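Start counting the sequence shown at 9; every next residue gets the next number (the numbering used here). Backbone N, C-alpha and C define an ideal beta-carbon position, used for all residues, glycine too. The structure presented is a predicted model; accordingly, all values stated were derived computationally and were not measured.
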Amino acid sequence: MTDQAVDTDGAAAGGAVPPPASARESTGAQFVGRRRELKELRADIDRAGLDTLSGRKAPRARVLLVAGRPGSGRTSLAEELARQLADNYPDGVLRARLTDPDGSRVPTERTARELLDALDVPAPPGAAEDDLTGILRDALSERRALLLLDDAADAEQVDPLLPDAPDCLVVAVSEGPLTGIPDVRPCTLGGLDKPAAVELLARAAGPVRITVDPRSAESLVEACSAHPAALVLAGGWLGGRPKAAVADLAKQVHDMPEEGSALARVFAHTYGSLPAPAARILRFLSLAPAGHVDPHTASALAGCSVSAARTTLDDFVALGLVRAVASPLPQYEVPGCLVPLLRARTESQDRPAEIQLARARMLERTVRLLQSCRAITEPDDSAARKKLAGLPRALRFPGPRAAAEWLRIRRPALLAAARLAVADGELDTLARRLMAALARALVAHRGTEDAAADLYGIHQLVLGVAERRKLPREQAAALLNLADLDARTGRTHDALVRYRAALDAARAAGDPYATGRAMESVGGAHQELGDWSRAADWFGRALAQRLARDERADAARLYGRIGAVHTYAGRYGEALRNWSSAVTGYRKTGDVAARARALSEMARVQEYAGRPEESLRTCQEAVELARHAKDVRLQAALQLRLADTLERLGDPAAARLHRGAAERMLGEELPQAARLETNGGAAPSAYEIRSASTED
9 MTDQAVDTDG AAAGGAVPPP ASARESTGAQ FVGRRRELKE LRADIDRAGL DTLSGRKAPR
69 ARVLLVAGRP GSGRTSLAEE LARQLADNYP DGVLRARLTD PDGSRVPTER TARELLDALD
129 VPAPPGAAED DLTGILRDAL SERRALLLLD DAADAEQVDP LLPDAPDCLV VAVSEGPLTG
189 IPDVRPCTLG GLDKPAAVEL LARAAGPVRI TVDPRSAESL VEACSAHPAA LVLAGGWLGG
249 RPKAAVADLA KQVHDMPEEG SALARVFAHT YGSLPAPAAR ILRFLSLAPA GHVDPHTASA
309 LAGCSVSAAR TTLDDFVALG LVRAVASPLP QYEVPGCLVP LLRARTESQD RPAEIQLARA
369 RMLERTVRLL QSCRAITEPD DSAARKKLAG LPRALRFPGP RAAAEWLRIR RPALLAAARL
429 AVADGELDTL ARRLMAALAR ALVAHRGTED AAADLYGIHQ LVLGVAERRK LPREQAAALL
489 NLADLDARTG RTHDALVRYR AALDAARAAG DPYATGRAME SVGGAHQELG DWSRAADWFG
549 RALAQRLARD ERADAARLYG RIGAVHTYAG RYGEALRNWS SAVTGYRKTG DVAARARALS
609 EMARVQEYAG RPEESLRTCQ EAVELARHAK DVRLQAALQL RLADTLERLG DPAAARLHRG
669 AAERMLGEEL PQAARLETNG GAAPSAYEIR SASTED
C-alpha cells in the first residue's frame with residue numbers, strides 16, 4: 009500500500025480538530041502520509057480538461073474530488089491539500105460543510121450565505137437560494153480563491169456553488185462520485201498503509217508501547233483494517249489504560265464477531281468498556297442538534313450536573329469518541345462516522361419514552377438559557393432581571409457581553425435545535441417557546457436587521473409546519489413575522505403579499521388580534537409605498553375592529569396613523585379630525601405622554617394648514633402635558649417648535665426664550681432629539697409593532 013493520510017473525518021487523529029464550516033484553518037500538524045494522493049491531486053489541477061482540449065478556456069473552476077467513507081481521513085487530506093495550495097490563492101480559502109455531523113443535509117441557501125459572510129459580501133435577508141448562489145458566483149468571478157466543500161451528499165449540493173471562474177479551485181469531499189459534474193476524477197481513499205497506520209496508533213496510544221511491541225501494533229492495525237477512525241478509538245482505549253497490552257487488545261478485536269465494519273467492531277469494544285452512566289451519556293449524544301454538544305446539552309440529555317457532563321465529555325475526547333472544538337467556551341462535536349452507531353445503540357437500549365424525555369429536557373434547557381441570554385440585556389429593575397435572579401447559577405450569564413458571546417458561539421447549535429424542535433412535523437408548546445426565545449435573544453443582542461437571515465429561517469420553519477398541519481393561527485403569526493422582516497429590510501412589496509396572506513389565515517383561524525394586526529400592517533405597507541388612499545382605508549378597517557372590541561388604546565393609536573397618512577397626502581382637514589380623535593382617545597385611557605405626542609402632531613398639521621395661532625396654542629398645551637409626563641426630550645422638541653412658530657408670527661424675543669429652554673434641557677443633543685420627537689411621534693411605523701408569534 010502507498011503512503012496515505014491520517015485523520016478520521018469524525019474521530020480526529022491524535023486529537024486533531026477539523027474546524028467547522030467556513031472558519032477552518034488547517035495547520036497540518038497532525039497530518040501524515042498520503043503523499044501519492046497529494047501528488048495526484050496537485051497534478052490534476054493542471055490537467056487539461058475537455059474544454060481545454062477543444063481549444064476553449066474552461067468556463068468554471070476545476071473540481072477535485074476526495075472520495076471515501078466517513079472516518080477514512082478524507083477531510084484531513086482535503087485540508088492538507090488546501091494548506092499546501094493556500095499561497096496560490098491570494099483571495100483565501102473558503103470552507104463549508106454540506107452535511108451536518110448528524111447526517112442531515114445543509115440547505116444550499118444556508119451554505120451560500122455562510123460563504124458570502126466569509127467573503128464579507130452582503131447577502132440580502134430573505135433572498136431565495138438561486139439569488140444567493142448567483143451573488144456568490146458573482147463575488148468569486150473576479151477572485152482567485154480555493155473553495156473546500158466538505159461532506160457533500162451529491163452533485164446537486166456542489167453544482168450551484170461552483171464559481172464561474174477558471175482561476176478558482178474547488179476541493180470537494182464526498183463518499184461517492186459526484187455524478188453530473190463534468191470532468192471530475194475522484195481520488196478514492198481506502199485504509200492506511202502499515203507505517204502510517206502504526207504512526208497514527210502511536211500518536212493516540214503513546215509511542216512507548218507501540219515501539220516495544222511492533223508486531224502486536226501491526227496486528228492491531230490489521231484488526232482495525234487500517235481504518236483511521238478505528239485506529240483512533242483503539243489508541244484512545246490504550247491511552248486510558250497504561251497497563252493494558254497492545255497484543256491483548258489486538259486479540260480482543262480479532263475475536264469479535266465479523267459483523268459490520270472494523271470501525272463498528274472497535275467502537276463496540278470501546279463502548280463495552282464504559283461504565284453504565286457514561287455509556288448512557290454517550291448514547292444520548294446522538295440526540296444533540298446537528299452533532300453540536302456543550303456541557304449543558306450533555307447535562308440535560310443525561311439528567312446529570314453540568315460539571316459531571318463536562319468531565320465525561322473530556323473523557324470521551326481522550327477516548328476518541330467525541331472531539332473538542334477550538335472555542336472560548338467548552339464545545340464538542342460528535343464524529344459523523346459514529347453517529348449511526350450511537351443511534352443504533354440508543355434505539356436498542358433506551359425506551360422511546362426515555363428518548364423523548366431526554367430530548368424534551370435538552371430543548372427546555374435551551375429555552376431557559378435563551379431566556380437568560382435575553383434577560384441580561386434588560387434594565388436591572390425590570391421583571392425579566394428579577395426573574396433571572398431566581399435561576400440556578402449555571403443558567404445565568406455574568407453580563408451582556410458574556411451572553412452575546414455565548415449566543416455567537418452556540419448559534420449553529422441553537423438554529424439546529426430549532427430545526428430539531430419541529431423535525432417531527434409538530435408545533436407543540438415547547439417548540440413554540442424555543443422559537444420565541446431564540447428570536448428574542450437574537451434581536452436583543454444583534455438587532456433585527458443584523459439577525460434578519462436567522463429570523464427568516466426560524467419563522468419559515470414555523471410556517472412550514474403550520475401549512476403542513478393546517479394550523480391557521482400559527483400560519484398567520486409566522487406570515488406576520490416574515491412580512492415584518494421583509495418590511496424592515498426594504499422588501500415592501502413582498503411584505504404586502506405576506507400581510508395579505510396573514511390576513512386570510514387570521515380570518516380562517518378566527519383570531520381577532522392577528523386579523524387586526526394584519527389589516528393595520530397592510531395599511532402600513534401601502535403607506536410605505538406612498539399609496540395614501542389604500543393606507544387610510546386599511547387603517548380604517550383596523551380601527552373599526554378595535555372600536556368594536558372596545559380596545560381604546562389601539563383605537564387612539566390608529567386614529568393617529570390615519571391622521572399621519574392624511575397629513576402626507578395633504579388632506580389637512582381629515583388629518584386634524586383624526587388627530588383630535590387620537591387626543592380624545594388617549595385622554596380617556598389616561599396616557600399623558602401619548603396625548604402630548606398626539607397634540608404635538610396636531611400642532612404640526614395646523615402649521616402646515618396655515619393656522620399658526622392655533623398651532624401655537626396646541627403646542628403650548630402639549631408642552632404642559634409633556635412636562636406632566638416628565639418626558640424631557642419631547643418637552644425640548646416642543647419648545648423648539650414653539651420657537652419656530654413664534655418666529656414666523658413675528659415674536660423673535662419669545663422664540664429665543666423657548667429655544668434657550670430647549671437648549672438647557674438637552675444641550676448639544678437638541679437638534680437630533682427634536683427630529684426624533686417631532687417626526688410623526690404618535691404615528692409609529694407598522695413595522696414597529698411587536699411580532700405576534702413571538703408573543704405566543
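Open item on the list: What does the alpha-carbon distance come out to for the pair Glu677 and Asp539?
Closed with: Only weak support is given to the placement of Glu677: the predicted model assigns it a pLDDT of 49, under 50, and the question is left unresolved by the model.
Task: Val74 versus Pro67, Arg68, Glu87, residue with shortest Cα-Cα distance - done: Glu87
Open item on the list: Which same chain residues end up closer than 7 angstroms to Arg560 when comparing Cβ atoms and leaving out the 5 residues on each side of it in sequence?
Closed with: Gly593, Lys596, Thr597
Open item on the list: Check for me: the alpha helix (DSSP H) holding Ser149 runs from which residue to which?
Closed with: 137–149
Open item on the list: Please report the straight-line C-alpha distance between Ser423 and Leu371, rounded to a whole angstrom.
Closed with: Contrary to the premise, residue 423 reads as Leu rather than Ser in this sequence. Rounded to whole angstroms, Leu423 to Leu371 spans 12 angstroms at the Cα level.
TODO: Decide yes or no for the touch test of the stretch 216–230 against the stretch 182–196: beta carbon pairs closer than 8 angstroms, at least 3 of them.
DONE: no
Task: When Arg656, Val470, Ala601, Pro78 are compared against Val640, the one with the closest alpha-carbon - done: Ala601
- [ ] Compute the distance between the beta-carbons of Val240 and Ala205, then report whether it is under 8 angstroms.
- [x] no
Task: Which listed residue (Cys176, Ser233, Ala310) has its alpha carbon closest to that of Gly268 - done: Ser233
Open item on the list: Along the chain, where does the beta strand (DSSP E) containing Ala160 start, and where does it finish?
Closed with: 154–160
- [ ] Tell me whether Glu122 is buried or exposed, calling it buried when 16 or more other Cβ atoms sit within 10 Å of its Cβ.
- [x] buried
Task: Spatially closest choice to Ala368 from Phe292, Arg353, Lys394, by CA coordinates - done: Phe292
Task: Distance, His277 Cα to Gly455 Cα - done: 49 angstroms
Open item on the list: Taking a contact to mean a Cβ-Cβ separation below 8 angstroms, would you say Leu170 touches Ala147 in this structure?
Closed with: no
Open item on the list: Please classify Arg373 as buried or exposed, where buried requires at least 16 other C-beta atoms within 10 Å of its C-beta.
Closed with: buried
Task: The beta strand (DSSP E) enclosing Arg105, as first and last residue numbers - done: 101–105
Open item on the list: Excluding the 5 residues flanking Thr119 on each side, which residues of the same chain have their C-beta closer than 7 angstroms to its C-beta?
Closed with: Ala104, Leu106, Leu169
Task: Reduced DSSP category for Thr497 - H, G, I as helix; E, B as strand; rest coil - done: coil
- [ ] Can you have a look at Leu337 and say buried or exposed, based on whether 16 or more other CB atoms are within 10 angstroms of its CB?
- [x] exposed
Task: Reduced DSSP secondary structure (H/G/I, E/B, other) of Ser224 - done: helix
Open item on the list: Which runs of the alpha helix (DSSP H) at least 4 residues long sit entirely within the stretch 293–336? Give them in chain order.
Closed with: 303–310, 314–327
Task: Backbone CA spacing between Leu365 and Leu479 [nearest angstrom] - done: 25 angstroms
Open item on the list: Taking its Cβ as the centre, do 16 or more other Cβ atoms sit within 10 Å of Pro110, making it buried, or is it exposed?
Closed with: Sequence inspection shows Asp at residue 110; the Pro mentioned does not correspond to that position. Buried: at least 16 other Cβ atoms inside 10 Å.
Task: Cβ neighbour criterion (16 or more within 10 Å) applied to Ala661 - done: exposed
TODO: Would you please state the rounded distance, in angstroms, between the beta carbons of Leu566 and Leu584? I believe it to be under 8 angstroms.
DONE: Not confirmed; about 16 angstroms, so no contact.
Task: As assigned by DSSP and simplified to three states, the class of Pro406 - done: coil
Task: Residues that Leu442 bridges to, as DSSP identifies them - done: Leu442 is not bridged to any residue.
- [ ] To the nearest angstrom, report how far apart Val179 and Leu271 are at their CA atoms.
- [x] 26 angstroms
Task: Same chain only: Cβ atoms within 8 angstroms of Ser62, ignoring 5 sequence neighbours per side - done: Residue placement at Ser62 is poorly supported in this model, since its pLDDT is 46, which falls under 50; the coordinates still yield a value, given next. Around Ser62: no qualifying Cβ.
Task: Three-state secondary structure (DSSP) of Arg113 - done: strand
- [ ] Give me the Cβ distance between Ala513 and Ala484, rounded to the nearest whole Å; I'm assuming they're in contact under 8 angstroms.
- [x] 4 angstroms
Task: Bridge partners - Val74, DSSP secondary structure assignment - done: Val181, Cys195
Open item on the list: With DSSP as the reference, identify every bridge partner of Gln339, one or two as the case may be.
Closed with: Val333
- [ ] Hey, could you find the ends of the alpha helix (DSSP H) Thr354 is sitting in?
- [x] 347–357
Open item on the list: Can you check which of these residues, Pro360, Arg525, Ala590, Ala231, is closest to Lys202 by C-alpha distance?
Closed with: Ala231
TODO: From the DSSP output, in three-state form, read off Thr710 for me.
DONE: The structure shown does not extend to residue 710, since the chain is modelled only from 9 through 704, so no value can be given for it.
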